[in-house]
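2 protein chains.
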Amino acid sequence: MSKAPDKPVSSSQRALHELREKIFAGDLPAGSDHLESELAGLLNMSRTPVREAVLTLEGQGLLELRPRKGVRILPVSPEDMAEIYDVLTELESLAAQRAAEAGYDADALRLLTEAIDDMDVAIAEQDLEAWAAADDRFHAELVHLGGNSRIAGIVGMMIDQVRRARKTTLFMRPLPTQSNEDHRQVLQAIASGDATLARAVHRRHRQHAKSIIVSLLAKHRLRYL
Amino acid sequence: MSKAPDKPVSSSQRALHELREKIFAGDLPAGSDHLESELAGLLNMSRTPVREAVLTLEGQGLLELRPRKGVRILPVSPEDMAEIYDVLTELESLAAQRAAEAGYDADALRLLTEAIDDMDVAIAEQDLEAWAAADDRFHAELVHLGGNSRIAGIVGMMIDQVRRARKTTLFMRPLPTQSNEDHRQVLQAIASGDATLARAVHRRHRQHAKSIIVSLLAKHRLRYL
DNA sequence: GCATTTATTTGCGTATGCATTAATACATCC
DNA sequence: GGATGTATTAATGCATACGCAAATAAATGC
């Protein structure tokens, strides 16, 4: 891959990306408070770009600004998970329907297919991280094919909000073999142009995921992730 | 109403509210570009709080930051309208369903009922502005009763995005008498606890609204609002 | 004339400093 | 001893300044 010698990325953007990463990595743990100056020091920049990044991240629901107490990394409760999965269920179902209506050919569905294959491989190798990454790609590509940019954006935001939480629950449950069966059915329905089926199957898929996660959190008494 | 003598609202918040209002009022027209310094001058403050407000508004999809060309007030195309109404259809339908499942009594449904009554009055008086305001209240209260805060937030954002556009189309179509029939049916279904019906009726309501608006825009060749 | 290069302007990104105000510690009074 | 008022601290909100890069204008070469 040819690369530009160096892309001069602005401090604001760097703050945005690095803070996101640190939140996902648990480097900035859920529920923790951080002063603007602390974050600025952490990233070796002044407060200004940090403030801008933090403003944006607040809009994405990843943290909360509490004047004089610092920015709080938002924890995700089981109720939050339920809310988020409900949103995903509704919006992704429509995306699946629309993708089926669009009548994509096999080539256009390649990314979707690859993601599913990758998940199979990951499951066989018991590589849950790789599975999660491929799962993300599947759902991102699905909403992309759905053709509604707002849905794609919202779904992305919601998935970001559950990223941390999902990572911890990932290792608490059996291998998601059934999940990939669902994915294949969705793909099948889209490829055959059956919009109603695509919608129904994907809806069931997400509802099932929701119940799995929610009951898992309840079982382990996990209130905040 | 008793009021605090004066609430010292921050400049950032003032910028946020005033810019929003100016966008909705068409004071900052769709598609227009504005330099940060221009907006700062307009609001009598420095660039800093303006930048913060603009960042937030970008996240809400009301404007776009194009460095060196100014912030552009985002126009809404017919395709955007279609996207937005699709999102509203999916998310509000679930809210209606959940509201019905929650089993609210008549008192809890008072705001919803009042909004409907207000719309009847507004229609009788041919006061479209009042009708639109009451319609907003109906939909806001519906998603509130749905109990999913994220849905409420997203729906609010989407409605903000179509505000300007809706205002102009409002006077191009017949009185929305049928619309309020739908509202009553939704209320009825919620009051009687029929979640499936509530969902179905509201879905039809929003889909109908979408087709009305989209065909209206097509008919009048309105590409950007 | 047209294109290409150079100069100039101008808007933005970021750092910095200050004033404001909330939170905390302290002191005083009942 | 508890409560209320005051002082101190410290974090934020905002204004300002400055350097850089992009856009525009000017100039030079062909």
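So the protein lines, in turn, are chains G and F.
Sequential numbering from 1 applies to the first sequence in my numbering.
Sequential numbering from 226 applies to the second sequence in my numbering.
Glycine included, each C-beta is placed from N, C-alpha and C at the ideal position.
It should be emphasised that the depicted structure is a prediction, and the values quoted were computed from it without experimental measurement.
#1: Which residues of chain G have a Cβ atom closer than 9 Å to the Cβ of T451(F), listed in chain order?
#2: Just list the residues that DSSP pairs V296(F) with in beta bridges.
#3: Check this for me: beta carbons of D361(F) and I384(F), under 8 Å apart or not?
#4: Could you give the residue range of the alpha helix (DSSP H) that holds D182(G)?
#5: Name the chain F residues whose beta carbon is nearer than 8 Å to that of L84(G)?
#6: Within 8 Å (strictly less), CB to CB, does K228(F) reach chain G?
#7: So E277(F) contacts chain G; which residues on that side make the cut at Cβ distance below 8 Å?
#8: Let me know the secondary structure DSSP gives H364(F) once reduced to three states.
#9: Using a Cβ cut-off of 9 Å, which residues of the region 80–113 of chain G contact any Cβ in chain F, in chain order?
#10: Taking beta-carbon pairs under 7 Å, can you tell me which members of the region 361–387 of chain F lie near chain G?
#11: Ends of the alpha helix (DSSP H) at H220(G)?
#12: Quick one: give me the first and last residue of the alpha helix (DSSP H) that L225(G) is part of.
#13: Which class does R388(F) belong to by DSSP, given the choice of helix, strand or coil?
#14: Can you tell me which of the three DSSP states Y104(G) falls into?
#15: Please state the DSSP three-state secondary structure of S271(F).
#16: With distance defined between alpha-carbon atoms, name the residue in E38(G), L42(G), E79(G) and D33(G) nearest to K69(G).
#17: Which residue from L91(G), A53(G) and S37(G) puts its Cα closest to that of A198(G)?
#18: Using a Cβ-Cβ cut-off of 6 Å (strictly less than) and excluding sequence neighbours within five positions of A390(F), which residues of its own chain qualify?
#19: For L442(F) and T48(G), I'd like the C-alpha separation in whole angstroms.
#20: Cα-Cα, which of R14(G), Y104(G), G59(G) and L111(G) is closest to L189(G)?
#21: Between the Cα of L395(F) and the Cα atoms of A357(F), D342(F), F249(F) and L313(F), which residue gives the shortest distance?
#22: What three-state label does DSSP hand V76(G) in the structure shown?
#23: Using a threshold of 8 Å, state whether the C-beta atoms of Q207(G) and L62(G) are closer than that.
#24: By DSSP, does M397(F) sit in helix, in strand, or in coil?
#25: With DSSP collapsed to three states, give me the class of D127(G).
#26: Taking all protein chains shown into account, decide if L175(G) is buried (16 or more other Cβ within 10 angstroms of its Cβ) or exposed.
#27: Considering Cα atoms alone, identify which of R184(G), S215(G), L39(G) and K219(G) is closest to L112(G).
#28: Whole angstroms are fine: how far does the CA of V186(G) sit from the CA of V201(G)?
#29: Who are the near neighbours of E261(F) in its chain, counting only those whose CB is closer than 8 Å to its CB and skipping five residues on each side?
#30: Give me the Cβ distance between G284(F) and T168(G), rounded to the nearest whole Å; I'm assuming they're in contact under 8 Å.
#31: Looking only at its chain, what residues have a beta carbon closer than 6 Å to the beta carbon of Y310(F), apart from the 5 residues adjacent to it on each side?
#32: Thinking A102(G) and I151(G) are a contact (beta carbons under 8 Å), I'd like their distance in whole angstroms, please.
#33: What is the rounded straight-line gap between the Cα of K22(G) and the Cα of L65(G)?
#34: From A250(F) to L244(F), what distance separates their C-alpha atoms?
Judging by the given coordinates:
#1: There is simply no residue 451(F) to check, as chain F begins at 226 and stops at 450 in what is shown.
#2: H259(F) and L290(F)
#3: yes
#4: For D182(G), the enclosing alpha helix (DSSP H) covers residues T177 to A191.
#5: First, the residue type needs correcting, since residue 84(G) is Ile and not Leu in the sequence shown. Near I84(G) (Cβ distances below 8 Å), the residues of chain F are R375.
#6: With a pLDDT of 41 at K228(F), under the threshold of 50, the modelled position of that residue is not reliable, and the figure given next carries that caveat. Under the Cβ distance rule, K228(F) does not count among the residues neighbouring chain G, no pair being separated by less than 8 Å.
#7: Residues of chain G passing the Cβ test: R51, E52 and L55.
#8: helix
#9: For the region 80–113 of chain G, residues whose beta-carbon sits nearer than 9 Å to a beta-carbon of chain F comprise D80, A82, E83, I84, D86, V87, T89, E90, L91, S93, L94 and R98.
#10: N373, S374, R375, I376 and I379
#11: From DSSP, H220(G) is part of no alpha helix (DSSP H); its letter is neither H nor E.
#12: Run containing L225(G): none; DSSP gives neither H nor E here.
#13: helix
#14: Here DSSP, grouped into helix, strand and coil, assigns Y104(G) to coil.
#15: coil
#16: D33(G)
#17: L91(G)
#18: V301 and L450
#19: Between L442(F) and T48(G), the C-alpha separation is close to 43 Å.
#20: Rather than Leu, the amino acid found at residue 189(G) in this sequence is Ala. Nearest C-alpha to A189(G): Y104(G).
#21: A357(F)
#22: coil
#23: no
#24: M397(F) sits in coil when the DSSP states are folded into three classes, being neither helix nor strand.
#25: Correct three-state label for D127(G): coil.
#26: exposed
#27: The option with the nearest alpha carbon to L112(G) is R184(G).
#28: Taking the straight line from one Cα to the other gives about 6 Å.
#29: R272, V275, R276, V279, G295 and V296
#30: Their Cβ separation, rounded to whole angstroms, is 28 Å, which puts G284(F) and T168(G) out of contact at 8 Å.
#31: Excluding positions up to five away in sequence, the list reads K435.
#32: Not quite, the Cβ-Cβ distance comes to about 14 Å (not below 8 Å), so this is no contact.
#33: Rounded to the nearest whole angstrom, the C-alpha separation of K22(G) and L65(G) is 17 Å.
#34: Straight-line Cα distance between these residues: approximately 10 Å.
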